Structures are given as structure tokens and as C-alpha cells.
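Undergrad: Before we start, here is the structure in question, set down as C-alpha cells.
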């Protein structure tokens with residue numbers, strides 16, 4: 014077989030040649046990835062902002078335990094906002110707490126809305142806010158129905174039956190002993206009211222217990238009704254009578270309490286704001302008072 018150089022040259026010319034292409038990323042392609050990342054981040058931020066409602070400012074006397082981005086605002090067991098800032102007022106007398114509401118709870122920011130701090134309370138008669146021992150204090154809210162508002166003065170404890178209808182009267186004494194907010198009011202051993210607040214009278218010569226009598230029991234309180242302190246326990250000993258130990262209830266031993274009675278002699282039903290003296294003990298004749306007072310059905 015003849016190896017012709019000319020044939021070899023022709024065959025080589027017919028073979029395909031490999032082409033090597035080098036890819037180079039253009040400047041526009043390099044920025045695609047971070048641009049997509051920025052768009053995704055922007056979308057997430059926008060979605061997050063859509064969840065937020067207005068920011069409200071609340072003044073408290075004490076901000077102990079409150080934490081930024083940790084302390085929730087709750088209503089009916091549902092978180093409706095969170096604390097975003099905590100600082101002292103300019104006069105250094107109060108604590109200003111800013112709360113960012115969730116969008117679904119925007120209507121809470123209205124005139125008449127009440128905010129308070131819930132902290133654990135343990136007593137002989139009740140245990141409240143026990144979960145806050147672990148999670149820390151939380152802020153609770155009771156919505157109002159007035160005009161829109163963003164600045165409020167909060168309470169340091171839960172409001173006591175302020176929204177409940179009834180008769181509000183004042184019991185005045187030189188010294189209230191163990192009577193305090195939440196102390197019960199009894200009629201014949203049945204709880205018919207509660208102490209809403211304690212304060213000095215206008216000239217600071219006596220202490221006033223502001224009392225709410227439940228709506229159903231308003232007729233029990235007449236202008237000649239007598240109120241006395243049943244806080245704690247009392248013991249009297251006599252040579253012939255022996256030992257006489259008295260205590261209204263275990264609750265009154267822990268929180269204080271007030272009892273009252275109404276004479277059999279007819280008298281008008283007490284009016285709102287009536288001031289009654291608060292005695293240290295029950296009058297002896299009150300045991301014989303048996304007025305027949307018809308109460309409305311429950």
C-alpha cells in the first residue's frame with residue numbers, strides 16, 4: 014500500500030476542528046443574584062410591616078420586668094402587640110412604654126382603653142398571673158369605645174370591677190387597718206361588693222374606702238345602714254364567758270373585709286357617693302335587725 018503524502022494532506026483537511034469557547038460573566042449577570050436576594054428581603058420586610066398597626070405610648074409608675082421586643086400586649090389571651098421602647102419621662106417620675114400594635118388590633122387605641130401590668134400575685138384567697146413568674150410581666154388591655162388616641166396612662170395592677178354597674182359609696186375611718194383594694198364587702202356573710210380604691214379624704218384627716226356594691230344588692234344599702242371592719246381575727250377572754258374567737262373568713266384574714274347591716278326601721282336607698290362612717294366592730298343591736306328587702310332576680 015502506497016503512503017501518498019498528498020492523500021494524507023487531503024484527509025487531514027477534511028477532519029473537523031475543535032472550537033474552544035471561553036464564557037465570561039457580564040457585569041449585568043453578576044448582579045442578578047444579589048438583586049433577587051434584595052427583592053426577596055424587601056418583600057419579606059413589606060409583609061412584616063403590613064402586620065403592624067399604630068404605636069401607642071403608655072405611662073406607668075413602675076416598669077420593673079418589662080423588656081423591649083419581649084414583653085407582649087395581650088387581650089383575651091391573644092398577643093396583640095409588643096413593647097418596642099422603654100424610657101423615663103423628662104421629669105423622671107414615670108416610665109414611658111411604647112407598644113406597637115398588630116394591625117388586627119388597631120381599634121384598641123381609643124379613648125377609654127385601659128392598660129395595666131400583670132404580675133404574679135399569690136394570696137390565701139387567690140393566685141393570679143402565675144404564668145408571669147416564668148415569662149415575666151405582661152401588659153393587658155381592656156379596649157374602650159371613644160375616639161382614636163395614642164397616649165395613655167396605665168395602671169400598675171388590674172382594674173377592679175370599674176366596668177361593673179352598681180352603687181358607688183365611700184366608707185370613712187380614721188384608720189383602715191387591713192382594708193385595701195379588692196377587700197370584699199359582706200351582707201349576712203354573702204359577698205355583695207368590693208373595695209375599688211383606698212385614698213385619703215380631701216383634707217387628709219381620714220382614710221376613705223371607695224366601695225362598689227353590685228347592682229343586684231343596691232337596695233340593701235340605705236341611709237341608715239351601718240358598716241364595720243371585719244379584717245383579721247379577734248379574741249376576747251372572760252372569767253365566766255370563756256374565750257370568744259371571731260373571724261369572718263380566711264379571705265378577710267388575708268385581704269381585709271367589711272360587713273354591714275341595715276336596721277329594720279325603713280329608710281331611703283342610699284344615693285351614689287354617699288359617705289358612711291366605718292366602725293371598728295359591729296354594733297350589738299345589729300344582730301336583731303331583720304329588714305325585709307326584695308332583691309331583683311339574678
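Numbering (my numbering), first residue to last: 14 to 311.
From the three backbone atoms N, C-alpha and C, an ideal C-beta is built for every residue, glycine too.
Keep in mind that this is a model prediction, so the values were computed, not measured.
1) What's the gap between the Cα of residue 73 and the Cα of residue 50?
2) Select from 131, 187, 275 the residue whose C-alpha is nearest the C-alpha of residue 304.
3) Excluding the 5 residues flanking residue 301 on each side, which residues of the same chain have their C-beta closer than 7 Å to its C-beta?
4) So what does DSSP say about residue 283, is it helix, strand or coil?
5) Name the residue from 117, 132, 230, 80 whose alpha carbon lies nearest to the alpha carbon of residue 109.
6) Based on the DSSP secondary-structure assignment, which residues constitute the bridge partners of residue 199?
7) State the DSSP-derived secondary structure class of residue 54, mapped to helix, strand or coil.
8) I need the straight-line Cα distance from residue 190 to residue 119, nearest angstrom please.
9) For residue 83, count neighbouring Cβ atoms within 10 angstroms of its own Cβ and tell me buried if that reaches 16, exposed if not.
10) Distance, Cα to Cα, residue 157 vs residue 165?
11) Can you tell me whether residue 2 is buried or exposed? The criterion is at least 16 other CB atoms within 10 Å of its CB, across all chains shown.
12) To the nearest angstrom, how far is it from the Cα of residue 100 to the Cα of residue 107?
13) Name the DSSP bridge partner or partners of residue 88?
14) Could you give the DSSP three-state label for residue 132: helix, strand or coil?
15) Specify the secondary structure class of residue 298 as computed by DSSP and reduced to three states.
16) Going by DSSP, what residues sit across from residue 68 in a beta bridge?
17) Apart from the five residues on each side of it in sequence, which residues of its chain come closer than 6 Å, Cβ to Cβ, to residue 14?
18) Taking the straight line between their C-alpha atoms, what separation do you get for residue 123 and residue 279?
19) I'd like the list of long-range same chain contacts for residue 111, defined as Cβ closer than 6 Å, with 5 residues on each side in sequence excluded.
20) CB-CB under 8 Å to residue 169, same chain, minus the five flanking residues each way: which ones, in chain order?
21) Given a cut-off of 8 Å on the beta-carbon distance, is the pair residue 228 and residue 178 in contact?
22) Leaving aside the five residues before and after residue 125 along the sequence, list all residues of the same chain whose C-beta is less than 7 Å from its C-beta, in chain order.
23) Could you please give the first and the last residue of the uninterrupted beta strand (DSSP E) stretch that includes residue 221?
24) Which first and last residues belong to the beta strand (DSSP E) in which residue 166 is found?
25) So residue 271 packs on residue 239, CB below 8 Å; how close in whole Å?
26) DSSP state of residue 101, grouped into three classes?
27) Classify residue 196 as buried or exposed, calling it buried when 16 or more other Cβ atoms lie within 10 Å of its own Cβ.
28) According to DSSP, simplified to helix, strand and coil, what is residue 288?
29) Quick one: grab the DSSP three-state call for residue 187.
30) Does DSSP put residue 161 in a helix, a strand or coil?
TA: Taking the structure as given:
1) For the purposes of this step, residue 73 is taken as the residue at position 60 of the chain shown. For the purposes of this step, residue 50 is taken as the residue at position 37 of the chain shown. Using only the alpha carbons, I get a separation of about 42 Å.
2) Residue mapping note: residue 304 aligns to position 291 of the chain shown, counting from 1. Checked all of 131, 187, 275; the closest Cα to residue 304 is 275.
3) Walking along the chain shown from the start, residue 301 turns up at place 288. For residue 301, where only same-chain residues beyond five positions count, there are no Cβ hits under 7 Å.
4) The residue labelled residue 283 in the question sits at position 270 within the chain shown. Here residue 283 sits in coil by DSSP.
5) Locating residue 109 in the chain shown gives position 96, counting from the first residue. Minimum Cα distance to residue 109 is reached at 80.
6) As a first step, residue 199 must be located in the chain shown, where it is residue number 186. Checking the DSSP bridge columns, you'll see residue 199 partnered with 204, 272.
7) Reading the chain shown from its first residue, position 41 is the one you call residue 54. Residue 54 falls in the helix class under three-state DSSP.
8) Within the chain shown, the letter at position 177 stands for residue 190. Within the chain shown, the letter at position 106 stands for residue 119. Near 44 Å, if we compare the C-alpha coordinates of residue 119 and residue 190.
9) Within the chain shown, the letter at position 70 stands for residue 83. With fewer than 16 other Cβ atoms within 10 Å, it is exposed.
10) As a working mapping, residue 157 is identified with position 144 in the chain shown. As a working mapping, residue 165 is identified with position 152 in the chain shown. Taking the straight line from one Cα to the other gives about 12 Å.
11) The requested residue 2 does not occur in the structure, where the chain is confined to residues 14 to 311.
12) By 1-based counting over the chain shown, the position of residue 100 is 87. By 1-based counting over the chain shown, the position of residue 107 is 94. Distance between residue 100 and residue 107, taken at the CA atoms: about 9 Å.
13) Against the chain shown, residue 88 aligns to sequence position 75. Answer by DSSP bridge pairing, in chain order: 91.
14) To locate residue 132, count along the chain shown from 1; it is residue 119. DSSP places residue 132 in coil when its eight states are reduced to three.
15) Translated into positions along the chain shown, residue 298 becomes position 285. Residue 298 falls in the helix class under three-state DSSP.
16) Mapped onto the chain shown, residue 68 falls at position 55. Paired residues: 113.
17) Counting from one through the chain shown, the residue named residue 14 turns up at place 1. For residue 14, the predicted structure reports a pLDDT of 49, less than 50, and the residue's modelled location is therefore unreliable. The matter cannot be settled from this model.
18) Residue numbering aside, residue 123 sits at position 110 when the chain shown is read from its first letter. Residue numbering aside, residue 279 sits at position 266 when the chain shown is read from its first letter. Whole-angstrom Cα-Cα distance: 45 Å.
19) Against the chain shown, residue 111 aligns to sequence position 98. For residue 111, where only same-chain residues beyond five positions count, the Cβ hits under 6 Å are 68, 70, 97, 98.
20) As a working note, residue 169 is residue 156 in the chain shown. Cβ within range, chain order: 73, 74, 75, 129, 130.
21) For the purposes of this step, residue 228 is identified with residue 215 of the chain shown, where counting begins at 1. For the purposes of this step, residue 178 is identified with residue 165 of the chain shown, where counting begins at 1. Taking 8 Å as the Cβ cut-off, residue 228 and residue 178 qualify as a contacting pair.
22) As a first step, residue 125 must be located in the chain shown, where it is residue number 112. Same-chain partners within the cutoff: 157, 158, 159.
23) On the chain shown, position 208 is the one that residue 221 refers to. Counting along the chain, the beta strand (DSSP E) containing residue 221 begins and ends at 220-227.
24) As a working note, residue 166 is residue 153 in the chain shown. Run containing residue 166: 164-166, per the beta strand (DSSP E) assignment.
25) On the chain shown, position 258 is the one that residue 271 refers to. On the chain shown, position 226 is the one that residue 239 refers to. With a Cβ gap of about 11 Å, residue 271 and residue 239 do not count as contacting.
26) For the purposes of this step, residue 101 is taken as residue 88 along the chain shown, with counting starting at 1. If DSSP states are grouped into helix, strand and coil, residue 101 belongs with the strands.
27) For the purposes of this step, residue 196 is taken as the residue at position 183 of the chain shown. By the neighbour-count rule (16 or more Cβ atoms within 10 Å), residue 196 is buried.
28) In the chain shown, the residue the question calls residue 288 occupies position 275. Strand, per DSSP.
29) Here the question's residue 187 lines up with position 174 in the chain shown. Coil, per DSSP.
30) Here residue 161 corresponds to residue number 148 of the chain shown, with the count starting at 1. Residue 161: strand per DSSP, three-state reduction.
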